[in-house]
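The block underneath contains the structure these notes are about, expressed in structure tokens.
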Amino acid sequence: MSIQKSILLSIFFLTFISHIPAQTISAVVVDKKTKEPIPYATIEISKNKGVITNEEGRFRFSMNKNLATIDSIYISSMGYEKIGVSIQNPMDSIIYIAPKAIALSGVFVSNKQLTIDEIMDNVKEKIDQNYSKDLSHKKLFLRQSDFNDINKINVRLKKSTIEEFDKKFIDSVVSIIPRKSSYYTESLCNLYGNYEKQKLHVIKGVELYDKSNDGSMDALSDRLENILKKNVKPNSYLKIKSGWLPGIKIGMDSIIKNNQEAAEIHEEMKDPDKDQEDYFYKHRKSTLHNLLSSMFFQEDSPLNFIDKSRRYAFELMDYTTIDDHSVYIINFEPKRGADFKGTIYINTSDFAIMRVDYQNVKNLRNFGLLGISFHDTVYKGKTIFTKNEEGKYVIRYIEKIRGNQFGVDRPLKVVEKNKHVKGKRKQNELSVNLDIGAGETTKYELIVFDSQSLTESEYDSSKENKTIKPEYLSRYDPEFWKGHNIIPPNTAIKQFTVIEEGL
-11 MSIQKSILLS IFFLTFISHI PAQTISAVVV DKKTKEPIPY ATIEISKNKG
39 VITNEEGRFR FSMNKNLATI DSIYISSMGY EKIGVSIQNP MDSIIYIAPK
89 AIALSGVFVS NKQLTIDEIM DNVKEKIDQN YSKDLSHKKL FLRQSDFNDI
139 NKINVRLKKS TIEEFDKKFI DSVVSIIPRK SSYYTESLCN LYGNYEKQKL
189 HVIKGVELYD KSNDGSMDAL SDRLENILKK NVKPNSYLKI KSGWLPGIKI
239 GMDSIIKNNQ EAAEIHEEMK DPDKDQEDYF YKHRKSTLHN LLSSMFFQED
289 SPLNFIDKSR RYAFELMDYT TIDDHSVYII NFEPKRGADF KGTIYINTSD
339 FAIMRVDYQN VKNLRNFGLL GISFHDTVYK GKTIFTKNEE GKYVIRYIEK
389 IRGNQFGVDR PLKVVEKNKH VKGKRKQNEL SVNLDIGAGE TTKYELIVFD
439 SQSLTESEYD SSKENKTIKP EYLSRYDPEF WKGHNIIPPN TAIKQFTVIE
489 EGL
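Residue numbers (our numbering): -11 to 491.
Quick look at the structure:
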């Protein structure tokens, strides 16, 4: 995804006018030498509170009444000098930070020139004491970006005894299916619990996508229903067969709503006010659980470079600093058939992994049988941790990208049969050959603004919000999250707009 070349300049002024509930601070962090934006830099607002720059170096946060006494923020990034910026005066929307020279002699004194095996042994030994698995209350923002791409769709009509199911109709069906689509969801949440159990209170949410895609499929469904009503007998059933696979029977009553009960169910499903009320909550909670359960120190995590370290080769590359801590930069690569490669950044003092960047080196799953294929192609991302007041490391930022490819290349036959007809029961037949290839990519971005410890009783008394309904947007609205802390949107999201019909 390309970084926007021109940086939008804006200056936000902080005042002490009491009737203004919140002010927004927004800027981009830039390398003083190269003038390039710095992604994933830490913006420390106060102790245990902060934000992070997005992939284009941008950050924003809201100055509410709880932060009224803050007069400065502190900006740091791996390998750069940490600087303080006053927010009592007008703040430039571009903040420059300079690379930091590493005092290697001090690092060597602190680590006693440990071998790579000794470093990794210390990492494994200290995992339980370094990472907090206690109950906590996290204020977080979650963005999920879904991209679908149908790269091939060929449907060849072989036989049809129903006049309407002709080549023209098949071509119209193919033309109505969107080749590319984007779907964004954002949510601001309170998460209570730990890596094993969670309660979720969704504060606010939004969905950004093109509703016309759904409308096109609804129109196609209605058209198919009308054709079937006109051409098939009420007592018929459909037998669907594909190649050598056994046929599947489907009663016509399950397709054509020819009784009052089915019609009512159909209408209820089409009524947006009667949709499942907690779908947004369930999807967000499931996503968060999956992100947390895949941490490298979790049991059965796919990221097994620590748990099964013998399957990986580690190499000490260099040293740098993160949050004023000197860290080892260690690359890992697979051996003995392992799945991932990447880089870990390990604190030289306590041997905690403060950041991990990873990506798969091969497909994680491959399936192919009778013209159906599936390939699990992409599993990559990064996780950044920060140290809390108790000396434990907690999540500050997660980026995770998953991708797969799916294909179908096989015949499909739909035969109408009627059990009340004597002799040959076959009434109609539609036979086509499908050749379809599609890909799906999902990107997750999670930032934790604030993390506070919880007692068991506080966790038990915490409340979930299961009925939150997201607001639908057909184009990006910069005012939607005004007054809230979020990960700033990248250029693609800001430019997302549904093209209205007739324009």
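Idealized CB from N, CA, C, for every residue including glycine.
Please read all numbers here as calculations on a predicted model, not as lab measurements.
CB residue i to CB residue j, shorter than 9 Å?
| i | j | result |
| --- | --- | --- |
| residue 336 | residue 137 | no |
| residue 377 | residue 35 | yes |
| residue 132 | residue 433 | yes |
| residue 447 | residue 181 | yes |
| residue 65 | residue 33 | no |
| residue 472 | residue 126 | no |
| residue 128 | residue 462 | no |
| residue 366 | residue 321 | no |
| residue 454 | residue 270 | yes |
| residue 184 | residue 121 | yes |
| residue 304 | residue 104 | yes |
| residue 30 | residue 63 | yes |
| residue 389 | residue 431 | yes |
| residue 482 | residue 464 | yes |
| residue 39 | residue 26 | no |
| residue 123 | residue 442 | yes |
| residue 415 | residue 220 | yes |
When burial is assigned at 16 or more other CB atoms within 10 Å of the CB, is residue i buried or exposed?
| i | result |
| --- | --- |
| residue 440 | exposed |
| residue 226 | buried |
| residue 59 | exposed |
| residue 176 | buried |
| residue 67 | buried |
| residue 478 | buried |
| residue 42 | buried |
| residue 466 | exposed |
| residue 216 | buried |
| residue 278 | exposed |
| residue 222 | exposed |
| residue 449 | exposed |
| residue 405 | buried |
| residue 164 | exposed |
| residue 325 | exposed |
| residue 214 | exposed |
| residue 375 | buried |
| residue 274 | exposed |
| residue 380 | buried |
| residue 403 | buried |
| residue 94 | A caution first: residue 94 carries a pLDDT of 49, below 50, which makes its placement in the model unreliable, though a value can still be read off. Its Cβ having fewer than 16 others within 10 Å, residue 94 is exposed. |
| residue 485 | exposed |
Within its chain, find whatever has a CB closer than 8 Å to the CB of residue i; leave out the 5 residues flanking it on each side and keep chain order.
| i | result |
| --- | --- |
| residue 422 | 142, 143, 396, 397, 398, 399 and 400 |
| residue 334 | 107, 111, 315, 316, 318, 340, 341 and 342 |
| residue 61 | 13, 31, 32, 33, 72, 73 and 75 |
Going by DSSP in three states, residue i sits in which element: helix, strand or coil?
| i | result |
| --- | --- |
| residue 380 | coil |
| residue 390 | strand |
| residue 66 | coil |
| residue 109 | helix |
| residue 118 | helix |
| residue 278 | helix |
| residue 268 | helix |
| residue 15 | strand |
| residue 329 | strand |
| residue 479 | helix |
| residue 104 | helix |
| residue 298 | helix |
| residue 140 | strand |
| residue 273 | helix |
Leaving aside the five residues before and after residue i along the sequence, list all residues of the same chain whose C-beta is less than 6 Å from its C-beta, in chain order.
| i | result |
| --- | --- |
| residue 387 | 369, 370 and 433 |
| residue 167 | 138 |
| residue 9 | Because residue 9 sits at a pLDDT of 42, beneath the cut-off of 50, its placement in the model cannot be relied upon, and the following sentence gives the value as read from the coordinates. Result list for residue 9: empty, nothing under 6 Å. |
| residue 353 | 364 |
| residue 391 | 365, 366 and 429 |
| residue 284 | 291 and 294 |
| residue 158 | 143 and 145 |
Could you name the residues of the same chain whose beta carbon sits closer than 7 Å to that of residue i, not counting the 5 residues immediately before and after it, in chain order?
| i | result |
| --- | --- |
| residue 338 | 114 and 118 |
| residue 148 | 154 and 418 |
| residue 258 | The predicted model places residue 258 with a pLDDT of 45, which falls under 50 and marks its position as unreliable, so this point remains unresolved. |
| residue 140 | 423, 424 and 425 |
| residue 37 | 437 and 438 |
| residue 457 | 268 |
| residue 266 | 454 and 455 |
| residue 88 | 67, 68, 69 and 309 |
| residue 189 | 177, 178, 451, 452 and 453 |
| residue 359 | 231, 396, 397 and 398 |
*Write down every uninterrupted run of the beta strand (DSSP E) in the stretch 400 to 471 whose length is 3 residues or greater and which is fully enclosed by it, in chain order.*
414 to 441 and 459 to 461
*asked:* Ignoring anything shorter than 3 residues, give me the beta strand (DSSP E) runs that lie fully in the stretch 336 to 362, in order along the chain.
replied: 341 to 348 and 353 to 357
*Please list the segments of the beta strand (DSSP E) lying wholly inside the stretch 155 to 235, counting only runs of 3 or more residues, in order along the chain.*
168 to 181, 186 to 196 and 224 to 229
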